[in-house]
Each structure stands twice: as C-alpha cells, then as structure tokens.
Amino acid sequence: MTDNYVQWASWNTTLRAPNSGGINAYSLDETIGPILDNSRISFRDRLYNLFTFYGNYSEFSTESYTFGTAFKNADSLESIHDVIHGATGSGGHMTYLDYSAYDPIFWLHHMMVDRAFALWQAVNPNSYVVPTSAFQDSYTIPHGQILDGDTRRSLVAVLIACDY
Ligand SMILES: [Cu+2]
Numbered sequence: 001m002t003d004n005y006v007q008w009a010s011w012n013t014t015l016r017a018p019n020s021g022g023i024n025a026y027s028l029d030e031t032i033g034p035i036l037d038n039s040r041i042s043f044r045d046r047l048y049n050l051f052t053f054y055g056n057y058s059e060f061s062t063e064s065y066t067f068g069t070a071f072k073n074a075d076s077l078e079s080i081h082d083v084i085h086g087a088t089g090s091g092g093h094m095t096y097l098d099y100s101a102y103d104p105i106f107w108l109h110h111m112m113v114d115r116a117f118a119l120w121q122a123v124n125p126n127s128y129v130v131p132t133s134a135f136q137d138s139y140t141i142p143h144g145q146i147l148d149g150d151t152r153r154s155l156v157a158v159l160i161a162c163d164y
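In terms of the numbering used here, the sequence shown opens at residue 1 and continues consecutively.
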C-alpha cells in the first residue's frame, strides 16, 4: 500500500470531502452541496447538448472515444459522470474508482447515469457501440483488439472461465 492510499486502511466510515487523511477524519458535507449547486446548470446544459447533438452511441457515452481515433467529441456522459464523482467525493470515497462504490451516493449517481443513458437510447434506438480498436492493453483485452457490442459478453466469458 502506498502512502497515497494509507487512509483506506484507517477510515471505517464513508467520507465525503474529508478534512484530512488521518484516522479521525470526518466529512465536510457542507462543502459539497454548494459545489454541486454551482455546477447544476452546467450539468443540465451539458446533458441537453448530449441529447440534442450526439446521435452516435460511442461519442455520446465515452470520453475514451477520442483516444487513438480520428473522432473528436468535446463531451460525453462519462465525462459528466466523472466530474460528479470528483465533486461528490472531494478527496473522499467517491473520488476514487476502487472505493467509490462504498459510498451509498454512488448508487444514486449511477442510477442517474443509467437514466440519462436510457433517455438517450429512447431517442436513438439504432445507435450502439461502433467497433473501435482498444487503445491500450488491459487484463483481458490487448491493444488493438476490436471492441464492439459483443465485447462485454466476451469479458463475462473470461470471468466465468476464471471461476469468478
Ligand atoms: Cu461512476
């Protein structure tokens, strides 16, 4: 465990905007409401733009669509999602991928992401994953492998084969 992650061994409660990384850290909840409140109109406008101008699933959904491709998209549902993770956590659980699901607000946040996706999908029923090559290696996918609408099922097959 590196020094950057030592707090996870000592925190025994969910923290948002923790006042420190120490064992007696507490949440500064009162700082998060204004951050989200000040960004509310921006989030609304960004979603409006995504719903209005993005008819391609890959462009709408993910910011990684721009890496290593000829495609450029200025915004994505994933990007909005990321900003809300950072703001809600403000250094606490929601900020970090490995720990965010320990904060109950994670599930409300992801419910809203799913809702936004469902709304977009209702308007764009014929657009889904555009086959794109993986821009880097991962545990299950080598760089260059084509990712498409069947990739997730392939990952499930790998997990089943690994007895997870
Ligand atoms: Cu998330």
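In this text, a Cβ means the ideal position worked out from N, Cα and C, and glycines have one as well.
- H85 is not a Cβ neighbour of S61, given a cutoff of 8 Å.
- Proximity of the segment 78 to 97 to the segment 19 to 34 meets the contact definition, three or more beta-carbon pairs being nearer than 8 Å.
- Counting of Cβ neighbours within 10 angstroms places P142 among the exposed residues, the total staying below 16.
- Here DSSP, grouped into helix, strand and coil, assigns P131 to coil.
- No heavy atom of ligand 1 is found nearer than 7 Å to the CB of H93.
- About 5 Å separates the beta carbons of D103 and T14, which is inside the 8 Å limit, making them a contact pair.
- Note on geometry: alpha-carbon atoms of R44 and M111 lie some 16 Å from one another.
- In the structure shown, S27 falls within a strand segment according to DSSP collapsed to helix, strand and coil.
- If you check the CB distance, H81 and V129 do not come in under 8 Å.
- Ranked by how close their Cα comes to the Cα of N38, the residues D75, A118, L77 and V83 have V83 in first place.
- Counting C-beta atoms within 10 angstroms of its own C-beta, S58 has 16 or more neighbours from the protein chains shown and is therefore classed as buried.
- Membership of T62 in any alpha helix (DSSP H) is not indicated, and neither H nor E is assigned to it by DSSP.
- Taking C-beta separations shorter than 6 Å and ignoring five residues to either side along the sequence, the partners of G144 in its chain run S133, following chain order.
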